[in-house]
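Okay, so here's the structure we're looking at.
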Amino acid sequence: MIKLAAFDVDGTLRDRDYLPESTKLALHKLKEEGVQLALCTGRSEYEMASLYKELEIDWAITCNGSHIGHRGSTVFGTPFEKETVTRWLREAERAGHEVLLYGAELMFSNRPDAPLFRRAQVEIGFMEPVQLQSIDDVPDIYQCIVFCTEQEEAAYTGQEQEPLYVHRWRDWAVDFNPSGMNKAVGLMKLLDHLGIPKEEAAAFGDGLNDLEMIETVGMGIAMGNAGDALKAKARFVTQTMHEDGIAYAVDQWLLR
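This is how it looks when you write it as structure tokens:
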């Protein structure tokens, strides 16, 4: 029996501001059956606050697994070394790159009005970040997005003693997370905390940064809009979000 279900957000639960009514009803069914719910996303806790309140979801695994919050309060976190973040900001300043930094409570930018950030905001949606005031006075950071090409990426990753978790989601934008982190690691930490075996967990996703969690849990479910690589790792493939894929999967596999 499934005791916890984790959901990627963009392309899985919602598309920008569109969240199917069928998805809301399916999540309500799960809660009525005693299934715990968790968001599991590459976005920040700051950006997820309104969504988990709307859906009455207590747990949010954010920053690709680097941060775990319960009703908005940090429970577990794996931040970068402060020296690493400072070096990245200095490199971005030198190269003219735009950077987003995800803290536990806020999202910061070195250049919030720069064109690539605004392009990403139009394409996938971002809340407005806070202007970073000082390179040397940065809080704990759990994820960094650099708006740069793959060739320029090495200036950020090449000096790290351990490999970062790197997820490139556009030709001109890439996520960095601390070494060893991904959504599966964050989800396993939450499952251990709750005393739930991974075999009794389900996970839904549509992107490559969902791959590890999809193949880790007992019931990994790829959305119909997922790529072939993710579908190959999933136990089940449901319909797309716009075709009520969450509701279909809940009725067909989770609650039968």
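Counting along the sequence shown from 1, when you hit position 95 you're at 274 in this note's numbering, and nothing is skipped either side. All C-beta atoms, glycine included, are put in the ideal place defined by N, C-alpha and C.
Item                                                                                                    : Value
Local Cβ density within 10 Å of P357, reported as buried at 16 or more and exposed below that           : buried
Whole-angstrom distance between A334 and T328, CA atom to CA atom                                       : 11 Å
Buried or exposed by the 16-neighbour rule on C-beta atoms within 10 Å, applied to A411                 : exposed
Terminal residues of the beta strand (DSSP E) in which H249 lies                                        : 246-249
Reference A401, options D385, R193, E394, closest by Cα                                                 : D385
Proximity of A363 and G244 at Cβ, strictly below 8 Å                                                    : yes
Classification of G282 by the beta-carbon crowding that lies within 10 angstroms, buried from 16 upward : buried
L343 versus R290, E226, T263, residue with shortest Cα-Cα distance                                      : T263
The beta strand (DSSP E) enclosing G365, as first and last residue numbers                              : It is not in any beta strand (DSSP E) - G365 instead sits in the alpha helix (DSSP H) that spans 362-373.
Backbone secondary structure at V317 - three-state DSSP                                                 : coil
Start and end residues, alpha helix (DSSP H) containing V301                                            : 294-302
Which of helix, strand or coil DSSP assigns to V188                                                     : coil
Endpoints, the beta strand (DSSP E) within which I393 is located                                        : Per DSSP, I393 belongs to no beta strand (DSSP E); it is in the alpha helix (DSSP H), 390-395.
I181: first and last residue of the uninterrupted alpha helix (DSSP H) it sits in                       : No alpha helix (DSSP H) contains I181, which DSSP labels as neither H nor E.
C-alpha gap between I425 and T202, whole angstroms                                                      : 6 Å
Meets three-Cβ-pair contact criterion under 8 Å: the segment 388-397 and the segment 362-378            : yes
N- and C-terminal bounds of the beta strand (DSSP E) containing V353                                    : 352-356
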